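In UniProt numbering, the protein residues as written are 1 to 583.
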């Protein structure tokens, strides 16, 4: 097969059926079957080879972008090297412009080509996920506006790149949000190589923006022990930017800088949401059909009261203790610092204990439940499980380092005892919550009213697909295609008159209990996301970790593990919401 034929096969074009010589009927039928089998095997091999090539090429692009970006981010942290924040922002500007241009090209191309998107994956990009993306995108745009207004005050003595970058990033957020809202479900069939590379570029760009934002936020929040040991202070993030001696030309700079730092958590989550959605689109490139069923899920709080009520009480109480913690820690009084640390530890201990008990109850209900486990490939579910397990390692790392430090030093007192208890209980809670969520994601929904396929066919291609099947001597398999089954065409099979369709018994108390547990866990995870995302750093306020591991190593452990722990909590919220809907 020529290179041109291989490329055509990879891009999804269907060759005309072969012309067979006129022979007696039995010989002709046998020849047609043999030719069909050979050509089908050859075509499948070519498509597999082409897909592997495009996966390899797109993976190489991702690896190079990320490794180069990590080097630049790491170099820009320190002041004693020639790489600074300006160099990093120039690199990010180039990435953002390239990615924005590709997304605009993709949107225009797919809108003009009827055959570009044959199927839609209904599991990918649910409306609540896209709604969260829009919410975080709006907060990110506000952050960029504050940054532009702040950097204008330093324009007379600093680089204009610091204004260009938030402007370009704001445009990128607008284009990407529109792009993902419209195309998150696409299963692209044309220009697969370009699409896979473009999606990996989008993924890499979002991960680089996430790394840059996490690094800047971590440096802003990291508490450095002073030389004299009498007080503490935070890194000045502007030191790496090159304008520590530059004065702002207007009076609002301090307020604007403080305001946009409070919006960093939303920008960080936006980049991660976009990365996850781009990865699912990448996995769906070239995907033809998904045979398992899709259920129409609706959000209802009917008969669900205890879980949301207790969760709201925990959320309000936790926010109150968090405000007290932030105010008293910033005062720098050692006595008040120990008191608010104890309050913070007690609040976390109560939260993770109740969450652990709830997840044990939920796992027991799953053990009693008779619902089937879902089957078949689902890139969205696989990604959710992978991210859940992977992100939890960040929190595991901090907890185990803390446990070792407290036990090894033999530290006494209520503060260290609470620190140890919180770390141990958090490890248990993470394990139990992972089991509960993963089990919930792999269960079929309770209600099974109307089955629909997970992939919707493109009406422009449906008739052409039928015509190819009806061609005499076609090389395609003669059995009915899964793309044309009853479910994929959204036609419900009719039951014989007088014979009702079988329905599964609805276990009302189990459904209600699972919804109560999911609602409670969801609100508690929001609380455990808010506290570290908006500046709670008990790892630095309690000096036992820095004293045992030395500050440099301890800062690296916390600043690497904590962003993953923060993401774990937000991802748990999204996963618990999905489990709530299916319960």
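Yeah, the Cβ is synthetic: ideal placement off N, Cα and C, and Gly gets one too.
Computed from a prediction, not measured in an experiment: that's the story for all the values here.
- Item | Opening and closing residue of the alpha helix (DSSP H) in which residue 573 lies | Counting along the chain, the alpha helix (DSSP H) containing residue 573 begins and ends at 551-582.
- Item | Inter-residue spacing [alpha-carbon to alpha-carbon] between residue 426 and residue 136 | C-alpha of residue 426 to C-alpha of residue 136: approximately 27 Å in a straight line.
- Item | Which of helix, strand or coil DSSP assigns to residue 114 | Here residue 114 sits in coil by DSSP.
- Message: If I follow the unbroken beta strand (DSSP E) through residue 246, where does it start and stop?
- Response: Taken as a continuous stretch (DSSP letters only), residue 246 belongs to no beta strand (DSSP E), as it is neither H nor E.
- DSSP three-state call for residue 186: helix, strand or coil? If DSSP states are grouped into helix, strand and coil, residue 186 belongs with the strands.
- Would you be able to state if there are at least three C-beta pairs under 8 Å between the stretch 350-360 and the stretch 549-562? The answer is no - the stretch 350-360 does not touch the stretch 549-562, with fewer than three Cβ pairs under 8 Å.
- In chain order, what residues of the same chain lie with their CB nearer than 6 Å to the CB of residue 209, ignoring the 5 residues before and after it? Same-chain partners within the cutoff: 271.
- Query: Smallest Cα separation from residue 220: which of 262, 438, 247?
  - Reply: Minimum Cα-Cα distance from residue 220 among the listed residues 262, 438, 247 corresponds to 262.
- Near residue 601, which residues of its chain fall below 6 Å by C-beta distance, leaving aside the five closest residues on each side in sequence? Only positions 1 to 583 of the chain appear in the structure, and residue 601 is not among them; the question remains open.
- Message: Here's a check: name, in chain order, each residue in its chain whose Cβ is nearer than 7 Å to the Cβ of residue 185, leaving out the five neighbours to either side.
- Response: Excluding sequence neighbours, residue 185 sits near 120, 121, 122, 124, 125.
- Item | Reduced DSSP category for residue 333 - H, G, I as helix; E, B as strand; rest coil | Assignment of residue 333 by DSSP, reduced to helix, strand and coil, places it in the coil class.
- Task: Locate the alpha helix (DSSP H) running through residue 252, then write down its first and last residues.
- Result: Careful: residue 252 lies outside any alpha helix (DSSP H) and carries neither H nor E.
- Item | Expected contact under 8 Å - CB spacing of residue 575 and residue 365 to nearest Å | Between residue 365 and residue 575 the Cβ distance is about 17 Å, and since that is not below 8 Å, they are no contact.
- Under 7 Å between the Cβ atoms of residue 146 and residue 260? For residue 146 and residue 260, yes; Cβs fall inside 7 Å.
- Item | Which of helix, strand or coil DSSP assigns to residue 154 | Coil at residue 154, not helix or strand.
- Proximal residues to residue 29 (C-beta, below 6 Å), its chain only, five neighbours per side dropped: Confidence at residue 29 is low in this model, with a pLDDT of 45, below 50, so its placement is unreliable and no value can be given for it.
- Query: From residue 196 to residue 54, what distance separates their C-alpha atoms?
  - Reply: Their backbone Cα atoms lie some 7 Å apart in a straight line.
- Status (buried if at least 16 other CB within 10 Å, exposed otherwise) for residue 159: Only buried fits residue 159, as 16 or more other CB atoms lie within 10 angstroms of its CB.
- Message: In the DSSP assignment, the alpha helix (DSSP H) including residue 202 goes from what residue to what residue?
- Response: Unbroken alpha helix (DSSP H) run through residue 202: 192-221.
- Exposure of residue 258, with buried meaning 16 or more beta-carbon neighbours within 10 Å: When all chains shown are included, residue 258 counts as exposed.
- Message: Looking only at its chain, what residues have a beta carbon closer than 8 Å to the beta carbon of residue 342, apart from the 5 residues adjacent to it on each side?
- Response: Same-chain partners within the cutoff: 414, 415, 418.
- Message: I need the DSSP call for residue 121, collapsed to helix, strand or coil.
- Response: Here residue 121 carries a strand assignment [DSSP, helix/strand/coil].
- Leaving out the 5 sequence neighbours to the left and right, which residues in its chain are closer than 7 Å to residue 321 when beta-carbon positions are compared? When the five nearest sequence neighbours on each side are left out, the beta carbons in the same chain lying within less than 7 Å of the beta carbon of residue 321 are those of 343, 344, 347, in order along the chain.
- Task: Work out the CA separation of residue 394 and residue 354 for me, nearest whole Å.
- Result: In a straight line, the C-alpha of residue 354 is about 22 Å away from that of residue 394.
- Give me the Cα-Cα distance between residue 291 and residue 284, rounded to the nearest whole angstrom. Per-residue confidence for residue 291 stands at a pLDDT of 46, beneath the threshold of 50, marking its modelled position as unreliable; no derived number is given.
- Task: Just the C-alpha distance for residue 434 and residue 95, rounded to the nearest angstrom, thanks.
- Result: Distance between the alpha carbons of residue 434 and residue 95: 35 Å.
- Message: Does residue 414 come out as helix, strand or coil in the three-state DSSP assignment?
- Response: Assignment of residue 414 by DSSP, reduced to helix, strand and coil, places it in the helix class.
- Do you know how far the Cα of residue 72 is from the Cα of residue 518? Those two C-alpha atoms are separated by around 41 Å.
- State the DSSP-derived secondary structure class of residue 344, mapped to helix, strand or coil. Judged by DSSP in its simplified three-state form, residue 344 adopts helix.
- Query: Applying the criterion that 16 or more other CB atoms from any shown protein chain within 10 Å of the CB defines a buried residue, is residue 407 buried or exposed?
  - Reply: Residue 407 is exposed by the Cβ-count criterion.
- With which residues is residue 443 paired in a DSSP beta bridge? Answer is 373.
- Nearest CA to the CA of residue 368: which residue from 511, 129, 192? Residue 511 is the option with its Cα nearest to residue 368.
- Contact between the stretch 168-186 and the stretch 99-119: three or more CB pairs below 8 Å? Flag = yes, the stretch 168-186 and the stretch 99-119 touch.
- Proximity of residue 428 and residue 356 at Cβ, strictly below 7 Å: A contact, by the Cβ cut-off of 7 Å.
- Message: Starting from residue 525, trace the alpha helix (DSSP H) in both directions and tell me its first and last residue.
- Response: Taken as a continuous stretch (DSSP letters only), the alpha helix (DSSP H) holding residue 525 covers 508-533.
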